[in-house]
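These notes are about the structure you will find just below.
In my numbering, the protein residues as written are 242 to 679.
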């Protein structure tokens, strides 16, 4: 080798170390790599904390943007500003900590690069002074040492990048583990699963011994037996927290935990109207046609649907692209959802507080329009307003109890409607007779 062997006098004996520059390069790389690992041991944690702080800051900004109107109406600008400032300050602190870590690791990396050419010169100096090595050989030895040390010192040069990749990989792995855990929980039979099938007696929907639980096994709705015939309009009532919305999710197949079965008619077409309708980006035509393609219906058909739900003033903007989710009010969004319903014409529709943002008059108009335009549709409504009973033929009441909500009543509203109609007609007839006598 260029450096040759190194002879050291020890206790009257000479110790010869062959290829001593190679061994020194390995030792030098081991020392610098160990120093980098020790000094940069917090790199991954700080990088994860920085990513988490940035994610929380972005989430805060998104929430403020989505709820800007409500915040302004409540006068909460200062509170939101202070919250944003706190989150931004947290981001700055995490960046400062990570920058300090970068500085410390840079000192190790740059120090290693600076001292690497000096070490072989110092080691070869005795041979050069005694004349066994020329200056050219010393320079060759230093160059070879730098190449060998550079190969062994790859970790030192790339440690910050590896730590950043490790933090990102751990973040993604955590997400994947959470998704896998959710999938295992859905597939697990330990908590029981709600079965979905087809009805055998012609009913549009039947709940056979249906029970709904949380993913931790807590009971939400106890065993429920309900059969809904085609064309029935059923109102599901109950106090807040009685499990109405969770029951609706189970019926729609969005909630797997529980027991029993949910059975639909074989040829049914189900449509959901949630309390907060989803409004996609793009044109108003796309928003009304969703989840179908925008060109499934003609512009004339979409305008007619908007007119029937009281949104005729938006007909001229049917091709306009705008942030409709922010442009429309809560009531307008719910009206738009009813326009979707009229276009899709399903066999069964589930209304989950679908008129909560409408006044009583508008609510009555929406329900009357649905019944008039879709006379054969089966309706399942989840609501608190007693006025909706007038548009339903049946009322199911859930009552919250210890150990889960329970179905406590199943009332046929048709006889009540007939009695109300008779009283109304009788009162009208009496008034007519009195008017004639007068």
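We treat Cβ as the ideally placed atom computed from N, Cα and C, and that holds for glycine.
- By the beta-carbon neighbour count (other beta carbons within 10 angstroms, threshold 16), residue 581 is buried.
- Bridge partners of residue 500 according to DSSP: 452.
- Closest in alpha carbon position to residue 596, among 654, 538, 515, is 515.
- When secondary structure is reduced to three states using DSSP, residue 513 falls in the strand class.
- Taking C-alpha positions only, residue 324 is separated from residue 336 by approximately 19 Å.
- In this structure, the alpha-carbon of residue 607 lies about 33 Å from that of residue 455.
- Rounded to the nearest whole angstrom, the C-alpha separation of residue 507 and residue 303 is 42 Å.
- Judged by their CB atoms, residue 593 and residue 618 are not nearer to each other than the 7 Å cut-off.
- Nearest to residue 342 by alpha-carbon distance, out of 283, 312, 317, is 283.
- Residue 505 is bridged by DSSP to 439, 446.
- Cβ contact annotation for residue 493 (same chain, cutoff 8 Å, sequence separation greater than five): 511, 513, 591, in chain order.
- Per DSSP, reduced to three states, the secondary structure at residue 460 is strand.
- Using a C-beta cut-off of 8 Å, the region 277–293 makes contact with the region 343–353, since at least three inter-stretch Cβ pairs fall below that distance.
- The count of Cβ pairs closer than 8 Å, one atom from the region 550–569 and one from the region 517–528, reaches three, so the stretches are in contact.
- Here residue 471 has 443, 444, 445, 506, 588, 617, 619 as same chain residues with Cβ atoms under 8 Å from its own Cβ, once five neighbours each way along the sequence are excluded.
- Counting C-beta pairs closer than 8 Å gives three or more between the region 390–404 and the region 265–273, which meets the contact rule.
- Distance from the CA of residue 503 to the CA of residue 486, rounded to the nearest whole angstrom, comes to 15 Å.
- Just so you know, the alpha carbons of residue 380 and residue 338 end up roughly 41 Å apart.
- At a Cβ-Cβ threshold of 7 Å, residue 584 and residue 559 do not count as neighbours.
- In this structure, residue 644 lies away from residue 462, with their beta-carbon atoms at least 7 Å apart.
- Looking only at 313, 331, 307, the smallest Cα-Cα distance to residue 287 is reached by 331.
- In the structure shown, residue 590 falls within a strand segment according to DSSP collapsed to helix, strand and coil.
- A Cβ-Cβ contact shorter than 7 Å links residue 610 with residue 549.
- Counting other Cβ atoms within 10 Å of its Cβ, residue 586 stays below 16 and is therefore classed as exposed.
- By the Cβ neighbour-count rule, residue 344 is exposed, with fewer than 16 other Cβ atoms within 10 Å of its own.
- Shortest Cα-Cα distance from residue 451 to any of 491, 570, 480 involves 491.
- In the three-state scheme derived from DSSP, where H, G and I count as helix and E and B as strand, residue 305 is classed as helix.
- Between residue 373 and residue 354, the alpha-carbon positions lie close to 28 Å from each other.
- Burial is judged here by how many other beta carbons sit within 10 angstroms of a residue's own beta carbon; residue 496 has at least 16 and is buried.
- Buried is the label assigned to residue 636, since at least 16 other Cβ atoms lie within 10 Å of its Cβ.
- Counted as a single uninterrupted DSSP element, the stretch harbouring residue 524 is not any alpha helix (DSSP H), since DSSP gives it neither H nor E.
- Following the DSSP letters along the chain, one finds residue 638 inside the beta strand (DSSP E) bounded by residues 635–640.
- Sorting 459, 467, 419, 457 by C-alpha distance to the C-alpha of residue 440 places 467 at the top.
- Membership of residue 619 in the beta strand (DSSP E) is indicated by the continuous run 619–623.
- The Cβ atoms of residue 629 and residue 423 lie no closer than 7 Å to each other.
- Under the three-state reduction of DSSP output, residue 319 falls in the helix class.
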